[in-house]
Structure formats: C-alpha cells, structure tokens
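In my numbering, the protein residues as written are 5 to 772.
Following this line, the structure appears as structure tokens:
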C-alpha cells in the first residue's frame, strides 16, 4: 500500500503539494485565526478532599473558587501612611470596577492583610469569567492602573508595588522553534552536504507543524488544553518531523546512489524507511493516548495535542515529502557555492536576530543572501557545485571500527554503559512530585517578587494556605468553629488559623503553615490534619487549597504511573517480538529503554529538585518535579526511542538474515545506521534544548527531560549497550520458539529493498 501511495504522490506531485497540502495549510490557518483558541490551565482535580473542597466553594460562590491574584505593596514608611493609603485605596477601587474582579482591600476590617510591622500589605483579587488567554490583557490593564498610582505619588515614594497570582504570569517564549530549526539546518547540511537535501526535511516538518498547530488550536475550544500545549506540540513535532523526513531522504539518496530512477528511489524510500516512520509514529501516538487511562482532562488535552502533532508529521512524511522529492529529482545531491553561502548568511542573520531580538538583522542576512544568488548569475565560480567527499568502504569507517572495538570487549563496554545509566538514575530514588508555583519563577519577574514579599511579611506558608471546612450543623455554632480553629492553630507546623462563617452549614478555617508550600513539612502537615487532627475533632471537615490539591494530584498520578508504564512496556515488547521474531531482542530493548528513561528522570531531579546547575538553565529555585511530567516524558520518550530501536535493529536483523553471522550483522548494522542516528539525535537534542531558554518552568523541565533522554538513548544505549549485548548473546538474539513464531502476526517495517544496494548511507560531510 505504501509503495502505491508513494507512486501516486510522485506522479501527481503538483496536485499533492499545491492542490492538497498548501490549500489545507492556508485553510486551517485561516480557520484557526478566525475561531481563535482557548488554552487554559485550570487543571481538573482528581477525586479527593481537595476537589471536594473546591466543588463546595464553587457551589457557594464563583468568587470563592475563582482565580486568586494579589496586588502586594511594601512601604518603608508604613502602608497606613496617609498619602500611601489614599493612593492605594484609589487604585484598589479602580481595579474593583473591572468586570469580573472582586477586590478585598487590606484597609478593610479586620485588616488581616497588613503584616505585623505595617510595612507590607496585599489586596486580594478574585477573578471570575476569564479564560487563561484573557489574563494577559487584564494584567496589563491592572499594571497600568498601578503605574499611574505610583506616578501620582512622585519619584521619592520608595514604595514597591508587585503583582502575584496566575493572572500575572507573563511567560516569555523565546524563538525556541527558530533556534531548533537553525540547529537542524546546520546538522543536516553537515550530514547531507546539500542545501536542497537539508531543506526538504525542514520544509516538510514546518508544514506539518503548521497544520498540527492549527488543528490543536481549534481543538482547544472543545476540550481542556494547558496554555503551553502549542509550545509542546512545536517541541515534539519539530523533533520527530525532521527526524522522520531525515530517514526517508537518506534512503532516497541511497537508492539514487545505487542507480535507481527518481520514481523507484522514492517508492523504495517510502516502502522501507517510510514503514519504519509509520511504525515509530504509531508507537508514539499509542503511548500518548495511553495517557487517557490517567483520567484527567488536562492530561488528555496534552496527549491529544502532542498526538495530533506527531500524526501530521507522519502523514506529511509519506505524502508531502515524496512529492517534494519528485520535484527535486537528482538535484538533491547538487549544491552550488552560491546556495551554500546564501544559506550561511541566512543562518547568521537568524542567529543574530534571535540574540539581539532585532528582526532587521535577519532581513539584512536575507538581503545579502539574495545578493549572492543574483551575483551567481554573473559570477560563474559561484554557480560551481561543491564537490562531495568520496565514500569510503564500510570497513574503513569510524563506526565500523567502533563496532568491532565493542565486539572485542563486550563485557567492559556493557558494564561501563550500565554503570553510567545506574549513576544517572540514582537521583530518581528521591523524586518528589508536586507543582511549581510563583516561588519557582525567576527573581526578575513580578510574580516572584510578590511571592517573596508575602513570605517576608506573613511567613513562608502564607503563599500556600490550607482551606479546612467545617460542615453540617456545627458550622452554625461559633464557639465550636472557634475552638476547632484554636486546635488547628496549636497543631505543630501551623503558624496561624482564621475562621469565618460562610452559611449555616459551612464555615471555613484558613490555615497558614510555618513552612513553604513545596516543603516536605507542609506535606506532612496535610497528612497530620487529615489522619489525626480532624478525625480526633469529631467534626465533618476536609482539607483543600493549592498545597493539598498538589498533594492529591501527585498521589493520584503516582499511583497510576506504574499502570501506564506496565501497559506501554507490554505492548512494546509484543510489537518488537512480532517485528524481529525474537524473545531476547525485545526484552533487552524494553529494559534498556526503561533504564535510559530512568536516567533522564535522574537528570531532571538533579537539576529541578536538587538545584544542580539551576542557574545555568535559569530555574528560579529548586522544587518538586511537576507531577504530570514523568508520565508525559515516559509516553513520548518510549515512543521516540522505538524509532532508533527499529532503525538500528532492523538493519542488524537484515544482515543476520542475509549472512547468518551475528557478529557481522551487529558490526555492519551499527556502521550503516550510526551516522544517521547520530544526526537525528543531535537534531532532537537541539530542538528540545532550545525550549530550556524560555521562562516557563514546565517547558524547561520537559525540554531538559526529552533532550537528556534522547541523548542518553542515542549514545549510551544505541552505541554502547545494544552492540555489546548483541555480541554477548550471539545467535541467541534471534531465537524464537517455532510455536510462538506461528502465532505471531507478520509485521514488516523494512519493506522490500532492491538487491544491489550498497550497505552504506549517503551522508556527506560527517566525519568518519
């Protein structure tokens, strides 16, 4: 079927490109712009006390369950100073007039929003009827009012005014996609030695990403998707899209090198590498959709967005790319000096524009590039093609010699590789799941400064208060509620407790811990209240609030993560067993993939939880690992690693079937695939690492986790452990009981190759 599809795309290349893909790209882009998007991060809480408390508050009033934000002020002369109070009271009144905002002023009785020495105060903002995407304009409006209030007080007021809460989270997303693309351009040019061969994977990935992003934007209107979904789709989509296209273009150039026609080369590339791409992509999508078993809407939104991105990249790779290859023909192997020089000017201009945030530098680079191309019409030397490096016999290449080196020392190599993975995995043993808050933001952000001011004025636990309910008839008894508040106040780890009636059957006690929201002591306090203090009181009470919700969320996901891991491991084992007709090969693959993911987890814990190297990547302060990150990382990384697994092992299996010699199969398989796996992995690592440069802690964590996992998988696992274990097990690698072989379905991910193929990849410019 794939060969027929590829042949049709080749013979109708203009229809595919200009009649299908370009119109779809434009139409979906317009539809997404007209309809708009509704990304938001109001995460659905799992069943538990925190969710019950939130639901109870929501039933009382939307204001009680709305978004909490603050305007925080520090005045050395005291917030009760006449001039200060007049200006701030006017500011709070104007903010209160904004639709959907209820302001509780610190000057209202009993003035609990002013600290003990009177220098720090805050106004509480309850925001309702707003989506996450509307917060930016709202924050700008409020900050503008604040600037005017400060201006009226003059330049010598010495007042610090900051803004805290979700409404004021202004995350800057640098040109991460652009940085990833520039890195991919450089790597592909070095790998292929051709501008056109570089441009086709990039162009295919960008078109697929554009379609995927438009679809995800539309889907955000019908389902819950966090506000960083588009960045995650870009991160994953660019990584897999460029890699998928890289594999197909590599096989196409190999077939051309062996004398096939353009059409037959494309058909073979799609029927071989295209099969592996579809297999790997489907594996990624299955892993992502496995996240649906977690039962949380925002997780489903993330999984759906990422799956759509991967799906569009798969479709583009086996339909759009063949049509583009047909247009390129043999020119894919030819690059003039002018083309290479123009590309260099564009890359330099792009980097300069990103570093300086000045688009004129990019325009300057583009102008110079056009000038070089125009000059090539006159200057003959600029039109001359750049000669390619002569291909060496496979036995003279670095990777062949490396594989033979490993085969002579399989045990030391295996022990070294396994030791590296174990050491990197050790931090995982101390992982703490939770959620970052404004305290993890960079110190130069107003949400971080407001967080620090509140902690300074009211104690570290003030940023994560616990909400304890008193329900039933006892809620109408003030003496009972006050006694309960006193009991809570006297509990070890509690700094303060304030009770307030809500209605006849409900009262709330706000508990301020002595420890910060992300501290282990605060988690212990939640357990103590739920397991001892509340049961001993005899009251019907539940504990909620951000810290309690974070704990419930983490425990919920932590309990279901083994189910997800087990399901994906079993499915992967069965698929690989069917593909490679072996028991030991899929078993090793599952174990080593698990170890590489564990090592990536360890890197994440060391940086984000322990704080190692946090200043290098711009992490505000150490904190728990985002509770949803391990499952998302597992689902995506396990699917991505299957890509390299299939590409490497299928070549080894092919050689083993041809020669019957396991040692030769391992050496030739590694030598043939190592360069393209290295190039593909470098692209993914660069794309994922580019997202570490942003402000969003979750994207930083995710980018570091993915980059670490891919790097570890492509180096330690594929280049050390796989060949070492293949050598140690010998022919037993390919053993499968006859009865099981008859039961398993036949899955061919390599397709059919012509018999005269030379066992070398046509990759020019990568050192051997």
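The beta carbon of each residue, even a glycine, is placed where N, CA and C say it ideally should be.
Mapping the DSSP letters down to three states, classify residue i as helix, strand or coil.
i: residue 504; result: strand
i: residue 167; result: strand
i: residue 126; result: strand
i: residue 649; result: helix
i: residue 544; result: strand
i: residue 815; result: Absent from the structure is residue 815, since the part of the chain shown begins at 5 and ends at 772.
i: residue 609; result: helix
i: residue 8; result: helix
i: residue 740; result: coil
i: residue 623; result: coil
i: residue 76; result: strand
i: residue 62; result: helix
i: residue 218; result: helix
i: residue 748; result: coil
Please report the straight-line C-alpha distance between residue i and residue j, rounded to a whole angstrom.
i: residue 413; j: residue 728; result: 8 Å
i: residue 127; j: residue 151; result: 16 Å
i: residue 351; j: residue 387; result: 20 Å
i: residue 462; j: residue 119; result: 6 Å
i: residue 538; j: residue 544; result: 8 Å
i: residue 606; j: residue 706; result: 13 Å
i: residue 474; j: residue 533; result: 13 Å
i: residue 269; j: residue 595; result: 36 Å
i: residue 635; j: residue 43; result: 21 Å
i: residue 640; j: residue 458; result: 38 Å
i: residue 215; j: residue 24; result: 12 Å
i: residue 683; j: residue 721; result: 16 Å
i: residue 235; j: residue 14; result: 33 Å
i: residue 153; j: residue 93; result: 10 Å
i: residue 277; j: residue 247; result: 11 Å
i: residue 281; j: residue 741; result: 28 Å
i: residue 22; j: residue 328; result: 11 Å
i: residue 237; j: residue 702; result: 14 Å
i: residue 256; j: residue 550; result: 54 Å
i: residue 20; j: residue 330; result: 11 Å
i: residue 478; j: residue 62; result: 21 Å
i: residue 769; j: residue 307; result: Confidence is the limiting factor: at residue 769 the pLDDT is only 42, short of 50, which leaves the residue's position unreliable and the question unanswerable from this model.
i: residue 455; j: residue 315; result: 41 Å
i: residue 338; j: residue 353; result: 24 Å
i: residue 131; j: residue 170; result: 10 Å
i: residue 736; j: residue 580; result: 16 Å
Out of the options, point me to the one whose CA is closest to residue i's CA.
i: residue 156; options: 706, 20, 89, 525; result: 89
i: residue 739; options: 589, 435, 677, 697; result: 589
i: residue 60; options: 647, 718, 715, 546; result: 546
i: residue 218; options: 683, 37, 684, 497; result: 37
i: residue 407; options: 673, 163, 464, 662; result: 673
i: residue 648; options: 405, 593, 702; result: 593
i: residue 294; options: 568, 669, 694; result: 568
i: residue 58; options: 716, 122, 512; result: 512
i: residue 192; options: 243, 313, 625; result: 243
i: residue 718; options: 677, 698, 752, 747; result: 677
i: residue 302; options: 372, 228, 750, 429; result: 228
i: residue 207; options: 332, 715, 164; result: 332
i: residue 104; options: 72, 122, 123; result: 72
i: residue 209; options: 710, 687, 514; result: 687
Let me check one thing: in DSSP terms, what residues is residue i bridge-paired to?
i: residue 106; result: 130
i: residue 469; result: Per DSSP, none; premise fails for residue 469.
i: residue 517; result: 498
i: residue 511; result: 474, 505
i: residue 630; result: 438
i: residue 340; result: 389
i: residue 696; result: Bridge partners of residue 696: none, in fact.
How about residue i: is its Cβ closer than 7 Å to a heavy atom in the ligand MG?
i: residue 502; result: What this structure holds is no ligand at all, so the ligand MG is not there to describe.
Margin query: Quick check on the DSSP output: what are the complete alpha helix (DSSP H) runs of length 4 or more inside the region 548-594, in order along the chain?
Written below: 550-584
Item checked: Complete alpha helix (DSSP H) runs within the region 236-318 (minimum length 4 residues, chain order) -> 266-293
Next item on the list: List in chain order: all unbroken alpha helix (DSSP H) runs of 4+ residues lying wholly within the region 701-740.
Entry: List check, alpha helix (DSSP H) in window: 701-716, 726-733.
Check: Residue ranges of each alpha helix (DSSP H) run of no fewer than 4 residues wholly in the region 380-434, ordered along the chain?
Finding: 384-387, 402-412, 414-429
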